[in-house]
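Position in the sequence shown (first residue = 1) + 13 = our numbering.
Note that beta-carbon positions come from the ideal geometry of N, C-alpha and C, so glycine has one too.
The model shown is predicted, which means the values in this text are computed figures rather than measured ones.
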Amino acid sequence: MKESSSKIDRRKFLERSAKVAVGSTLFASVTENNLVNASETKSNSKLPDFIIDSHIHCKGNDKWVEDMVRIYRSYNAMACVLTWIDDLEIMVDAIKSYPDVFIGYGRVDLDNQNAIREVEKFKKAGFVGMKFHSPQKNYDDSSYFQIYRLCEEYKMYMIFHTGISGRNITDKPNWMSSARMRPMYLDTLCRLFPRAKIQGAHLGNPWYEEAAEAARWNPNLFFDVTGSTLLKFIKLGRLERMSEVLWWSSNEGEKNPHTLKDGPSAWEHIVFGTDERPQGLPSNIERFSMMLDKNNVPPAIRKKMWGETMAKNLGIDPETHKFIE
Ligand SMILES: [Zn+2]
Numbered sequence: 014m015k016e017s018s019s020k021i022d023r024r025k026f027l028e029r030s031a032k033v034a035v036g037s038t039l040f041a042s043v044t045e046n047n048l049v050n051a052s053e054t055k056s057n058s059k060l061p062d063f064i065i066d067s068h069i070h071c072k073g074n075d076k077w078v079e080d081m082v083r084i085y086r087s088y089n090a091m092a093c094v095l096t097w098i099d100d101l102e103i104m105v106d107a108i109k110s111y112p113d114v115f116i117g118y119g120r121v122d123l124d125n126q127n128a129i130r131e132v133e134k135f136k137k138a139g140f141v142g143m144k145f146h147s148p149q150k151n152y153d154d155s156s157y158f159q160i161y162r163l164c165e166e167y168k169m170y171m172i173f174h175t176g177i178s179g180r181n182i183t184d185k186p187n188w189m190s191s192a193r194m195r196p197m198y199l200d201t202l203c204r205l206f207p208r209a210k211i212q213g214a215h216l217g218n219p220w221y222e223e224a225a226e227a228a229r230w231n232p233n234l235f236f237d238v239t240g241s242t243l244l245k246f247i248k249l250g251r252l253e254r255m256s257e258v259l260w261w262s263s264n265e266g267e268k269n270p271h272t273l274k275d276g277p278s279a280w281e282h283i284v285f286g287t288d289e290r291p292q293g294l295p296s297n298i299e300r301f302s303m304m305l306d307k308n309n310v311p312p313a314i315r316k317k318m319w320g321e322t323m324a325k326n327l328g329i330d331p332e333t334h335k336f337i338e
């Protein structure tokens with residue numbers, strides 16, 4: 014792929030984003046083709062200044078890389094890209110060409126005998142996180158501990174699929190269980206690997222309460238809300254349900270001996286993500302914004318959720334998109 018000569022200028026970006034409208038009319042009108050046109054014609058003050066998409070998958074071809082760069086740059090967004098070892102080279106190239114957009118995460122099968130070697134390979138190639146999905150045993154099975162320990166030592170962020178997992182209609186049997194990916198297994202890992210930073214994907218759908226309560230006692234545990242959850246609550250008119258599970262404040266522990274003292278508030282454990290094609294970014298921003306509005310999340314916490322928390326977790330400067338040495 015070609016090196017881009019048009020690295021977006023932050024001042025220009027801010028000028029443009031100030032003109033971008035927020036709300037369902039804009040987002041409904043934004044498609045792959047008219048994205049830039051729409052962003053140049055509508056007016057808006059609510060779009061986040063800086064975004065890190067904490068969860069998107071590498072599609073392993075140049076077209077996908079080009080779509081990512083075009084769309085994510087127009088939102089001043091970076092993306093944590095979950096990458097199998099077969100796509101390592103294409104991601105290494107993408108990160109080298111567009112370091113303002115791509116953040117490399119590896120993906121390994123926890124039950125693969127080569128898993129540890131692959132983590133080493135990803136680390137050597139400059140990847141800063143690892144993704145895990147579909148284990149043959151529960152996530153907190155001790156046979157996986159050496160892999161997690163290596164990630165903790167390497168300061169590689171760990172993201173685990175939690176909750177119900179997608180499948181295709183097929184005649185081919187697949188011995189996979191969503192029950193082995195319950196969010197509470199991450200509570201075990203947060204206690205056992207206290208220096209690690211851990212993210213559960215999908216807020217444990219449908220085990221939201223379990224996911225949130227695990228986060229309440231673990232300052233190093235984060236969740237994204239990608240997948241069907243927000244679509245479900247929007248359809249049911251129940252986005253406020255999120256406040257029922259994400260209920261505690263940052264000073265809760267002072268009045269309540271049953272909550273972590275000096276721990277973050279509930280919403281500070283939530284980070285933005287898409288888990289979709291690059292073209293899904295605008296509609297995911299819309300859904301996430303609706304969730305924030307319906308639950309009256311304060312502006313300072315929103316900024317953390319859109320990108321600042323992930324920037325801090327990964328050691329990235331939101332102004333320059335560069336890793337802090
Ligand atoms: Zn995913």
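Can you list, in chain order, the residues of its chain whose CB lies under 7 Å from that of residue i, leaving out five sequence neighbours each side?
{"i": "Gly293", "result": "Thr287"}
{"i": "Met197", "result": "Glu223 and Ala227"}
{"i": "Ile108", "result": "Phe115, Gly117 and Gly139"}
{"i": "Ser191", "result": "Gly176, Ile177 and Ser178"}
{"i": "Gly266", "result": "Thr272, Leu273, Lys274, Asp275 and Gly276"}
{"i": "Lys317", "result": "Glu281"}
{"i": "Lys325", "result": "none"}
{"i": "Cys164", "result": "Val132, Met143, Met171 and Ala209"}
{"i": "Thr63", "result": "Per the sequence presented here, residue 63 reads as Phe, with Thr not at that position. These residues qualify, in order along the chain: Asn89, Trp319, Gly320 and Pro331."}
Would you kindly report the start and end of the unbroken alpha helix (DSSP H) that includes residue i?
{"i": "Ser224", "result": "Correcting the residue identity first, residue 224 is Ala in this sequence and not Ser. It spans Tyr221 to Arg229 - the alpha helix (DSSP H) in which Ala224 sits, taken as one unbroken run."}
{"i": "Met323", "result": "Thr322 to Leu327"}
{"i": "Gln126", "result": "Looking at the DSSP string, Gln126 is not in any alpha helix (DSSP H), and its letter there is neither H nor E."}
{"i": "Ala279", "result": "No alpha helix (DSSP H) holds Ala279; DSSP gives it neither H nor E."}
{"i": "Phe158", "result": "Phe158 to Tyr167"}
{"i": "Ile314", "result": "Pro312 to Lys316"}
{"i": "Arg254", "result": "Arg254 to Val258"}
{"i": "Arg204", "result": "Tyr198 to Leu205"}
Exposed or buried, residue i, counting other C-beta atoms within 10 Å across all chains shown (16 or more means buried)?
{"i": "Glu45", "result": "Low confidence applies to Glu45: its pLDDT is 39, below 50, so where it sits in the model is not reliable, and the reading given next is rough at best. So Glu45 counts as exposed."}
{"i": "Gly328", "result": "exposed"}
{"i": "Arg180", "result": "exposed"}
{"i": "Thr96", "result": "buried"}
{"i": "Gly250", "result": "exposed"}
{"i": "Trp319", "result": "buried"}
{"i": "Pro61", "result": "buried"}
{"i": "Gln9", "result": "No statement about residue 9 is possible, as the shown extent of the chain runs from 14 to 338 and does not include it."}
{"i": "Arg24", "result": "Because the pLDDT at Arg24 is just 43, under 50, the model does not fix this residue reliably, and the point stays unresolved."}
{"i": "Leu259", "result": "buried"}
{"i": "Ile337", "result": "exposed"}
{"i": "Ala92", "result": "buried"}
{"i": "Ile182", "result": "exposed"}
{"i": "Glu299", "result": "buried"}
{"i": "Trp188", "result": "exposed"}
Where do the ends of the beta strand (DSSP E) carrying residue i lie?
{"i": "Phe145", "result": "Gly142 to Phe145"}
{"i": "Tyr152", "result": "First-last for Tyr152: undefined, no H or E at that position."}
{"i": "Phe285", "result": "No beta strand (DSSP E) holds Phe285; DSSP gives it neither H nor E."}
{"i": "Phe235", "result": "Leu234 to Asp237"}
{"i": "Met171", "result": "Tyr170 to His174"}
{"i": "Gly213", "result": "Ile211 to Ala214"}
Under the criterion of a Cβ to heavy atom distance below 6 Å, does residue i qualify as lining ligand 1?
{"i": "Asp237", "result": "no"}
{"i": "Asp100", "result": "no"}
{"i": "Asp288", "result": "yes"}
Excluding the five sequence neighbours on either side, which residues of its own chain have a C-beta within less than 6 Å of the C-beta of residue i, listed in chain order?
{"i": "Ile98", "result": "Glu131"}
{"i": "Pro148", "result": "Leu123 and Arg193"}
{"i": "Phe301", "result": "Phe285"}
Return the chain-ordered list of same chain residues with a C-beta closer than 8 Å to the C-beta of residue i, the five sequence neighbours on each side being excluded.
{"i": "Tyr161", "result": "Met171, Leu202, Leu205, Phe206 and Ala209"}
Distance cutoff 7 Å, beta carbons only. Does residue i sit that close to anything in chain D?
{"i": "Asn125", "result": "In the structure shown, chain D does not exist; there is a single protein chain."}
Quick one: complete alpha helix (DSSP H) runs, 4+ long, within the segment 65-121? 75-87 and 101-110
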